[in-house]
Structures are given as C-alpha cells and as structure tokens.
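Novice: Protein chains in written order, with our numbering: chain A, 6 to 276; chain B, 572 to 1177.
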Amino acid sequence: MLAISNLQRRFGGLLAVNDITLGIGAGELVSVIGPNGAGKTTLFNLVSGIDRPDAGRVVFEGADITGMAAQRLAEIGLARTFQHGRVFANLSVMDNVLIGGHVRLRAARPRVPGLGALAELLLAVIRPSAVRGEEAALRDEVRDIVAMFGDRLLPRLDHPAHSLSYANRRRVEIARALALRPKLLLLDEPTAGMNETETTEIQEIVASLKARGQTILLIEHKLGMVMRLSDRVLVMDGGRAIAEGKPQEVRNNPAVIEAYLGHQSTGQEAA
Amino acid sequence: MGTFIDYTVNGLVVGNIYALLAVGLALIFGVANLINFAHGSLYTVGAYIGWVCITQLHTPFWVTVPAVLIGSGGLGVAIERLALRPLHGTSRIAPLLATIGLSLVLDQVVQLVFTPNPRALPSPLPDWRFQVGGGSIGTLDLLILGVGIGSAALLFVFLRFTKLGWAVRATAQDIDAAKQMGVDTDRVNSTVFAIASALGGLSGMMVGMYYNSIDPGMSFDATLKGVVAQIIGGMGNVPGAIAGSLLLGLIESYGIALFGTSYRNLFAFVLLIGILILRPNGLFSAAKETPPEPMTGSFVARGKPIRIPMPGMVGIVAVAALLPLVAGDYVLQTGTNALLYGLLALSLTLVAGTVGMVSLGHAGLLAIGAYASSLLAIELHIPVIAAIGLAGLVTAVLGTALVFPAFRMRGHYVSIATLAIGQIVALVILNWNSLTRGPIGISGIPPLTIAGVPLYDAPQTYWFVLAVVTGLALLQARILSSHLGRTWRALRDDDVAARSHGVDVDRYKALAFAFGGFGAGIGGAVTAHLYSYINHETFNAQISVLALTIAILGGLGNISGALLGSALLVGLPEVFRGLAEYRMLIYGVVLLLLIRVRPQGLLGTV
Ligand SMILES: Nc1ncnc2c1ncn2[C@@H]1O[C@H](COP(=O)(O)OP(=O)(O)O)[C@@H](O)[C@H]1O
Ligand SMILES: [Mg+2]
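1. Output needed in chain order: residues of the region 43-63 of chain A with a Cβ under 7 Å from some Cβ in chain C.
2. Which same chain residues, not among the five before or five after Arg181/A, have their C-beta less than 6 Å away from its C-beta?
3. If you draw a straight line from the alpha carbon of Gly272/A to that of Met232/A, how long is it in whole angstroms?
4. Using a C-beta cutoff of 7 Å, does Asn11/A count as contacting chain B?
5. Counting along the chain, where does the alpha helix (DSSP H) carrying Thr832/B start and finish?
6. Taking beta-carbon pairs under 7 Å, can you tell me which members of the region 134-147 of chain A lie near chain B?
7. Measuring CB to CB, does Asp786/B end up less than 7 Å from Pro693/B?
8. How far does the alpha helix (DSSP H) with Val623/B in it extend, from its first residue to its last?
9. Give me the subset of the region 1039-1054 of chain B whose CB atoms are less than 8 Å from a CB atom of chain A, sorted by chain position.
10. Which residues share a DSSP beta bridge with Thr686/B?
11. For the region 913-946 of chain B, list every residue whose C-beta sits within 8 Å of some C-beta in chain A, in sequence order.
12. Listed in chain order, which residues of the region 1081-1106 of chain B have Cβ atoms closer than 7 Å to some Cβ of chain A?
13. Find the nearest neighbour of Ile1050/B within the set Leu20/A, Gly32/A, Ala124/A, judged by alpha-carbon distance.
14. Please classify Tyr1104/B: does DSSP put it in a helix, a strand, or coil?
15. Between Asn1111/B, Ser1014/B, Pro1144/B, which lies nearest to Ala1099/B when the distance is taken from Cα to Cα?
16. Smallest Cα separation from Tyr619/B: which of Gly582/B, Pro687/B, Leu1165/B?
17. Can the beta-carbon of Leu903/B be found closer than 7 Å to that of Ala1029/B?
18. Starting from Asp1075/B, find everything on chain A with Cβ-Cβ shorter than 8 Å and list it in chain order.
19. When the Cα atoms are used, what is the spatial distance from Leu239/A to Glu140/A?
20. Please confirm whether Val130/A has its beta-carbon closer than 7 Å to some beta-carbon of chain B.
21. Report the start-end ranges of each alpha helix (DSSP H) in the region 69-148 of chain A that is 4 residues or longer and not cut off at the edges.
22. Regarding Thr733/B and ligand 2, is the C-beta to nearest heavy atom distance less than 6 Å?
23. Rounded C-beta distance between Ile992/B and Gly940/B? I'm assuming under 8 Å.
24. Can you say whether Met866/B is buried or exposed, counting buried as having 16 or more other CB atoms within 10 angstroms of its CB?
25. Is there contact here, the region 109-129 of chain A with the region 187-201 of chain A, by at least three beta-carbon pairs under 8 Å?
26. Quick check on Ala1068/B - is its C-beta less than 7 Å from some C-beta in chain A?
27. With a cut-off of 7 Å, does the C-beta of Glu860/B fall near any C-beta of chain A?
28. Just by C-beta distance, which residues in the region 614-639 of chain B are closer than 9 Å to chain A?
29. Is the shortest distance between the beta-carbon of Ile104/A and the beta-carbons of chain B less than 7 Å?
30. Kindly indicate the opening and closing residues of the beta strand (DSSP E) around Ser707/B.
31. With contact counted as at least three CB pairs below 8 Å, one residue from each stretch, are the region 957-968 of chain B and the region 1091-1106 of chain B in contact?
32. Got a sec: is the Cβ-Cβ distance from Asn200/A to anything in chain B below 7 Å?
33. Taking 7 Å as the CB-CB limit, is Asn41/A close to chain B?
34. With 16 as the cutoff for other CB atoms within 10 Å, does Gln219/A come out buried or exposed?
35. How long is the line joining the alpha carbons of Val1141/B and Tyr1158/B, rounded to whole angstroms?
36. Under 7 Å, do Gly797/B and Ala593/B count as touching if we go by C-beta distance?
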C-alpha cells in the first residue's frame, strides 16, 4: 500500500532521515522505533506532506505522492496524529472530530471545478436537506468513534479541547484521524504522557483497529506494545534504519540493543 | 552626475535614519519575538525632547543628545516593564496589540501637549556644505552618517564583547536555553528596549533637524519604514537591518528622482510585499522557509463566549429599529456611523478572529468599496443601490486577490503584510489620477437612493444601514454555524493540523476574505454615498486600528461583540462630545486595559 524508498531529509548539516526504505502492505501494522532524535517524526512528516524530502520517493497505492501537499494526501486517505498533540484548542471535542470528516463531505463541499469554493459558501448559507443530512450522519459517526474511548470523551463532547487533560487531547487526535476513514493511519507516539492503564486502553483500541483491517504505521516508545501489536518493526537511529523485521528478530538484534544502551535515558523509558 | 551624488547622499542619510529605527526593532524582535508598533512613537517622543531642549531650554548640543537618549530610552524601559512584561505567557497576539495601544496613547499625549501643528526643529550645527564631485554634502548629513556608523560600531562592540551583549544574543537565539544557562531574560529585555528606544528617539530628533519640522503624526511612517527595512534584512537580524535600511533609503531616493515624491512609500511597500513572498527570512538569509512559530500558547485568548439568547437579540434589534421614534438627528447620525463601523468590525472579526489573520489594513477594503461604488454611480450612471452591491463584489474579488500573498504567512507577518497592502491601496488611489482623480478626490457622489427616492433624512438613512448590518450579521452567523465556520476556526487554531485533515488553507482563507471583503466593501460604498466626498485619506490606517480595537473589545470572532464594540467605541465618545479630542487616547487605553484585564473581549472569543 505504501512504499517508501531511499527517503532523505537534511536539516543544515544534520541528516534527520537518511536513506530510509520501507514498505507496508494493506492491513499491516508496522512500527517505527528508535531513540529520541532518531528521525521518526521527520519520517512521518515526509510521508504525510508536512515536510518535503530532499531525495527519495513515496508511493501510495501505486501513485507517486512524493512532496504532495498534506491536504491532498488527506483527500486520498492518509491520516496522522502528532507527537506533541495538535488539537484545535478552541473547538469542542465534537467539532475537532468533525473536522476529521472534512474530506468525506460531498454535499457540503461539492466538487465543482472552478466554482467549488463559491458553491461551498452558498451551501453553508442555504443548507439544503442533503447538507443537513450529511452533517447529522457525520455527527452520529463521531459519537461512535468517540465511544471507542469509553467514557473518556463522551461526556466531554461539548467541551473545548483546551480544557481537556493531555491524555484526552491525544485521544481526540486519534478520533479525529479515524473520522477521515483513512486507508493508512499514522500514529506518532499515541501513548506518550499516558499512565499504564491509559496505555493499555490505547493498545486495545489499536489492536481492535488492526483486527478491523486498518493499515497502521506506528511510532511508539513503549516496546511492550510494539512487540505485541506489530507485524514488522523498523528501528531507526541517527536517521538511518539499523534493523528491520519481525518483532522477535529485532528485539534480539545486537545493533538495536547497542542503540538503546547507547542512549541511556531513552533506553530506560523504552524498557 | 551632481544630482546623482545628491540623491545618493540623500538616500544614505535617510537610510541611516531608518537604520537607527530598524536596528532597535530587530533587537526587540530578536529577544521578545515581537514587532514593536510603538517604536515610531518613541521616535516622535525623541524628536519632541530634542525640540524642547533646543528651542525652549537652549541647551548645548552635547546636552541635547544625552537628554534625548535618556528620555526615550527610559520611556522604552518603562513600556517594557509596565505594559509588555505582564503579558508573558498570554496569547501570541497580545503583546503586538499592546504596542499598538501604546502607540495610540503616546501619539495622542504628544499631540495634546504640543498641539497637532508641525514645529520647526532647527539644527544647531553650523550650516557648511562641502562639494563632492558636483554634488554637495552638509554638516547635518555628516552628523547623521556619523551617528549611524558610530551607533552600529558601539552596538557591535556591545553585542560581541560584553557579558550583557552575550546574554542578549543568547536570548535571541533560544530563550529557553538562555534561561537554563542562568541568563536573566527580564534584564535582557529591559536592556534591549532601552537601547532600541534611545536609538529610535535619536533618529526622531535627527529627522526633525533634517527636515526642520516635526509633528505628532510622524510616528506611523517611522514604524512602517523601520519594519520594512528590518524585513528586507531579515527579522531579528541586526546587521541585516542596517543593510536593509540603507537599501531602502537608496531605493526611495532614486525612485523619487525618477517618478516623483508621491510614489515614495509605494516603493517601500511593494518591496516589502515582494520580500515577504519571495524571501520571508530577508535578503541575507540562506533559508527560504519561515522559521516555525513557537507552538505553545493559543493564538486568540481562550474563554467561553457569552451567548445572547434569541429573544434578547430580537429585542435589541427591535429597540435599535425604534430608535428614530425617540432620538434626534444627531443621535441617529452617530448611530448610523456606529453601524457602519460595525459593518467593518464584522468583516474584521471574521478575518482576524474566526480565521486568525490579524489584518491591519482593513480600511483598504472600505476604500476599494467606496471608490468602486462612487465611480460606478458617477461614470457609468448605475443606480446607487446596484452600485453598492457591485462594489461589494468588486471588493470581495480585489480584496482577496490583494491579500492572497499573505495567506501563506503566519502570525505577525500577516499583520505587517496587510498593513502594507492597506497602504498600497491608498497610494494607488493617490497616484492613479485617470481613474481616481488622485489627490483631488471624488466629489458629488450621489446620495443613497432606493427606487429613485433619495434618502436624505437621518431616520431613513439609519434604517437602511441598520437593515444592511442586520442582514450581513445574520448571514455571517449562519455561516459560522455551518461546517464552513468550523473549518475556518480549525485552521485558525492550528493550520498544520487542519491541512493534515484535508483543509485547503488558501481556499478557506480566500472564502473568508471574499465574504469579509463583500461586507466591508458595502460599508465603504454606503459611507461614500453618505459623505458625498471621499479621497485617498478618508479611509486611513487609524480606521483599521479602530476596527481592530472594536473587534477585540467585543471578542474576536464574536458577531454580537463586534456590533456591541462599535456601539461603545464609536457611539459613546460622540454622545459625550467633549471627549472627541481624546478619542485616540481612549481607544489606546481601552486596548491596553482589555489585553490586560479581559483579553477575550466583552462577549468572549468564539
Ligand atoms: N524542522 C527542523 N529543523 C531542524 N532540525 C530538525 C527539525 N525537525 C527535526 N529536526 C532534527 O532532526 C532530528 C530528528 O528529529 P525527530 O524526527 O523529531 O526525531 P524522533 O521523532 O525520532 O524523536 C533531531 O535531531 C531534530 O533536532
Ligand atoms: Mg518524534
């Protein structure tokens, strides 16, 4: 489904992503792990159109999407969450997740070439029944998505996102990404800042998504979760891929152990 | 050849004056990440301290210069300490707005103390001129060049070789890291404001001597020129600011030689927009991309908006509609005026509040609408009502196209770009004689007419404007409650996240400007037909600032807030007529208090 080849990104003298090649098949869950600063987030940024690679190619479902704008990637079914959380702070939980469904709106956002924007403005004013129906259906769907998180978010649907706890904001991000009905879901450290119970909850949710056939690319520090969920694992360090394979193979790879021991602080966190 | 040298000397002298301003702006931007819109006011204050010393106290020059430096530097320190430091950790836009408020207050105080009339500021230096290859150079030219070079050298030594200078550089590079290394960033801020303000004040005094004239209105231009020079050189880049200033001075000087004085500022602003689009990090930076804005802190202040229930709204509109039954013509004219400002504030609260592009050139949209409608009615004999509607459309299209280059910009860059675009609109109007009649303006604009009946009396005019405002406010409210409104607010809160979810940022900003431009254009058009005379100064930058104050007072993005804000800020000072003289002072104080006490505005941001 996704084929990354020889991807490279340079920041000044630093090669943040250095010659990374990775393929993901439909329905697979592939994890990217590595110490802080390894280049994982940068890799996500390159794939999701937030940043452009200096070299290399990204192919998604047979189409070359290298350097394509983020909003077009969203249109063709790529959704992501952000490591540090990027919720819409002044929007309610409901509105945040509704934005996730933006690309799927057809009645409210007619694809009229040239005059689409103007039509959108008029439809926002007139709001014919098709538009209202579509919005109502999306709202129902948002409730279903949010219900995956149990009672964490449901009672807070009308609260502004800035009033939520850190963990809840991360949940909103995941819900928002799911509302896009992505073909490929990119999760950047979804459990960062969560305690053990909360981590387990997220792990369950990711597992159930995988069981539904959702293709997922996951960045995660908590190795227990990575080992349990992943079909394959890519290990990065200093921008390079130092190992790739099944969780068990990677775990026992001396280069991986070395990389984690070399970075004491993150090594402990990961253990 | 001789004139070429004269123009070059003039360009370098003016460039040095800009440099003294731009260096201060660059230092402040470096450590505080802030564009100081009060900088020009310190320049004016410096000029007036110089005037008091030279013409009233008759101090010798070696006393005058330190007095100017200490006076304006001290004021700068006070501003930083009292008005800006308390805003640390608030919304990103707060300090910028505070400096706008400060500039309004300082300018008006100067005007109240020294009257608005220009004053002569004679140079105390002997009036020698030296011949240089056919051109000539005077003592004052030499002084300004010397002060420019001397200050640059001193600043270099300070930044390079002193402990405090090192702290300033460390803070500019990374404030968090500097704090961790034990740098007292408050002290750094004070120092930087002291130096910047002292140099700004000195610049003001020397400009006064150079043109032998000072007036309280000189601030605005000074701020703009300093900002342009700084952006040419790269925001926060001190040597770049000097180079940018000299370049700007020379370009202006040669430009005037070739095209004439009325084009002077046009060069500056077109250059500014060009640089912002092509090289947002300035001419001398390698990277093309804008540095990422700090992600901490929300753009607008957070708070729960106060919602007025439907019956309340209907009641307020009904009371407003019944006002002509009890009120006299004067009150109704004031009401009409407040409603017209309300129209502008509705447009601005959409663009600045809902979409997050804090426009400082919104009066430019009024001007486009006003000229479009007037010319359509006069030249093409289109009925006034139709001309007003068409003017709204023209403004929507033209306004969106003009601001389009700013869509990719963020935070403060947007404010500067829109400010420049507003100025460009006024300058094009001034210079496009064949279409706009240039400086003469347009007179004999036909009055508001509906179905052939002119609306001459105050109640009819009031009702008409009330109906227009109510209609547009309802439209805007309806859009805000739709998915489109949600999308606008999402891209304001986080454009990266919005793009990642398929929101085409350019398209939605364009839609907001189109709708906002339509409303503002209609506002300008109606104003033109009420005034019957307009010129390039009718819709000036003060109106843009007032509109922003209104929108903030009501609560950014808040529709009822915008209307309440204009009733309070435009209506009340008229009712207490004695206050008219202090109007800008009131606006400035309101802005400062709001940012400090209730940053979310009276009715809350939406
Ligand atoms: N926009 C940027 N500019 C400069 N350097 C960056 C930028 N983004 C990331 N880096 C650098 O690239 C390296 C990889 O960062 P990142 O991808 O965030 O690592 P990870 O997600 O694996 O912790 C780090 O050294 C980081 O400092
Ligand atoms: Mg990361």
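Cβ atoms here follow ideal geometry from the backbone N, Cα and C, with glycine treated the same way.
Specialist: On the basis of the coordinates in this document:
1. Absent here is chain C; the protein component of the structure consists of chains A and B.
2. The residue given as residue 181/A occupies position 176 in the first sequence. Same-chain partners within the cutoff: Asn101, Val102, Gly105.
3. One-based indexing of the first sequence puts residue 272/A at position 267. One-based indexing of the first sequence puts residue 232/A at position 227. Because the pLDDT at Gly272/A is just 42, under 50, the model does not fix this residue reliably, and the value given afterwards should be weighed accordingly. The straight-line gap from Cα to Cα measures roughly 16 Å.
4. Your numbering for residue 11/A matches position 6 in the first sequence. Cβ-Cβ to chain B under 7 Å: no for Asn11/A.
5. Mapped onto the second sequence, residue 832/B falls at position 261. That residue, Thr832/B, is in no alpha helix (DSSP H); it is neither H nor E in DSSP.
6. Glu140
7. Translated into positions along the second sequence, residue 786/B becomes position 215. Translated into positions along the second sequence, residue 693/B becomes position 122. Going by C-beta atoms, Asp786/B is not nearer than 7 Å to Pro693/B.
8. Sequence index remark: in the second sequence, residue 623/B carries index 52 (1-based). Neither: Val623/B is in no alpha helix (DSSP H) and is coded neither H nor E.
9. Of all residues in the region 1039-1054 of chain B, the ones placed with a Cβ closer than 8 Å to any Cβ belonging to chain A are Leu1046, Arg1049, Ile1050, Ser1053, His1054, in chain order.
10. For the purposes of this step, residue 686/B is identified with residue 115 of the second sequence, where counting begins at 1. Bridge partners of Thr686/B according to DSSP: none are assigned.
11. none
12. Cβ contacts with chain A come from Ala1081, Leu1082, Phe1086.
13. Translated into positions along the second sequence, residue 1050/B becomes position 479. Nearest C-alpha to Ile1050/B: Ala124/A.
14. Here residue 1104/B refers to the residue found at position 533 of the second sequence. Of the three classes helix, strand and coil, the one that applies to Tyr1104/B here is strand, per DSSP.
15. Here residue 1099/B refers to the residue found at position 528 of the second sequence. For the residues Asn1111/B, Ser1014/B, Pro1144/B, the minimum Cα distance to Ala1099/B belongs to Ser1014/B.
16. Stepping through the second sequence from its first residue, residue 619/B is reached at position 48. Closest option to Tyr619/B, Cα to Cα, is Pro687/B.
17. As a first step, residue 903/B must be located in the second sequence, where it is residue number 332. As a first step, residue 1029/B must be located in the second sequence, where it is residue number 458. In this structure, Ala1029/B lies closer than 7 Å to Leu903/B by Cβ.
18. Within the second sequence, numbered from 1, the residue matching residue 1075/B stands at position 504. Going along chain A in sequence order, the residues near Asp1075/B (Cβ under 8 Å) are Gln76.
19. Here residue 239/A is taken as the residue at index 234 of the first sequence, counted from 1. Here residue 140/A is taken as the residue at index 135 of the first sequence, counted from 1. Cα-Cα distance, rounded: 40 Å.
20. Start at 1 with the first residue of the first sequence, and residue 130/A comes out as number 125. With 7 Å as the cut-off, Val130/A counts as an interface residue toward chain B.
21. 75-80, 98-105, 121-131
22. The sequence position of residue 733/B within the second sequence is 162, counting from 1. The answer is no for Thr733/B.
23. The count along the second sequence starts at 1 and reaches residue 992/B at position 421. The count along the second sequence starts at 1 and reaches residue 940/B at position 369. That pair is no contact at about 15 Å.
24. Translated into the one-based positions of the second sequence, residue 866/B becomes position 295. With a pLDDT of 39 at Met866/B, under the threshold of 50, the modelled position of that residue is not reliable, and no figure is offered here.
25. no
26. Taking the second sequence and counting its residues from 1, one reaches residue 1068/B at position 497. Chain A contact via Cβ: present.
27. Counting from one through the second sequence, the residue named residue 860/B turns up at place 289. The pLDDT assigned to Glu860/B is 49, lower than 50, so where the model puts this residue is not dependable; a value taken from the coordinates is nonetheless given after this. It does not: the Cβ of Glu860/B has no partner Cβ on chain A nearer than 7 Å.
28. Correct list: empty, as no residue qualifies.
29. Here residue 104/A refers to the residue found at position 99 of the first sequence. At least one chain B Cβ lies under 7 Å of Ile104/A.
30. Here the question's residue 707/B lines up with position 136 in the second sequence. Run containing Ser707/B: 706-709, per the beta strand (DSSP E) assignment.
31. With the cut-off at 8 Å, the region 957-968 of chain B and the region 1091-1106 of chain B touch.
32. Residue numbering aside, residue 200/A sits at position 195 when the first sequence is read from its first letter. With 7 Å as the cut-off, Asn200/A does not count as an interface residue toward chain B.
33. In the first sequence, counting from the first residue as 1, residue 41/A sits at position 36. Chain B, which has no Cβ nearer than 7 Å to the Cβ of Asn41/A, makes this no.
34. The sequence position of residue 219/A within the first sequence is 214, counting from 1. Classification of Gln219/A: buried, given that the 10 Å Cβ count is 16 or more.
35. Walking along the second sequence from the start, residue 1141/B turns up at place 570. Walking along the second sequence from the start, residue 1158/B turns up at place 587. Computed Cα separation, rounded: 10 Å.
36. In the second sequence, counting from the first residue as 1, residue 797/B sits at position 226. In the second sequence, counting from the first residue as 1, residue 593/B sits at position 22. Cβ distance < 7 Å, so Gly797/B and Ala593/B count as in contact.
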